[in-house]
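Mapping the sequence shown onto this note's numbering, position 40 (from 1) lands on 34, and the numbers just tick up by one.
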Amino acid sequence: MKRFESFMARELERYVAYRKHLGYAKDGLRTSLSAFDRYLKDQNADWDVMQPSFFLQLRANIKNHPNTVNGIFSAIRS
């Protein structure tokens, strides 16, 4: 299991633990959050950039299958 590395690493780990505590499977969640974490790290993001335009840019920049973007958005809004 690869650890999160962005500025949100601690919060993402807590979120995965919280969802696991609620009884949700964590494998798919961790995969989607890992893609989000990589994007945050690659963009040198911090709390100040967490605006709607940042997420629109994320959608445009993720070059994988559209399900990757949908999975990320689903994971971070749950």
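C-beta: ideal position from N, C-alpha, C; glycine also.
Judged by their CB atoms, isoleucine 66 and phenylalanine 30 are nearer to each other than the 7 Å cut-off. Straight across, the Cα-Cα distance linking arginine 53 with glutamate 7 is about 23 Å. With respect to serine 0, leucine 34 sits close: the two C-beta atoms are nearer than 7 Å.
If you look at alanine 3, you'll find it in the alpha helix (DSSP H) that goes 3 to 15. Of the other Cβ atoms in all chains shown, 16 or more fall within 10 Å of the Cβ of valine 63; this residue is therefore buried. With 16 or more other CB atoms across the displayed protein chains lying within 10 angstroms of its CB, arginine 24 is buried.
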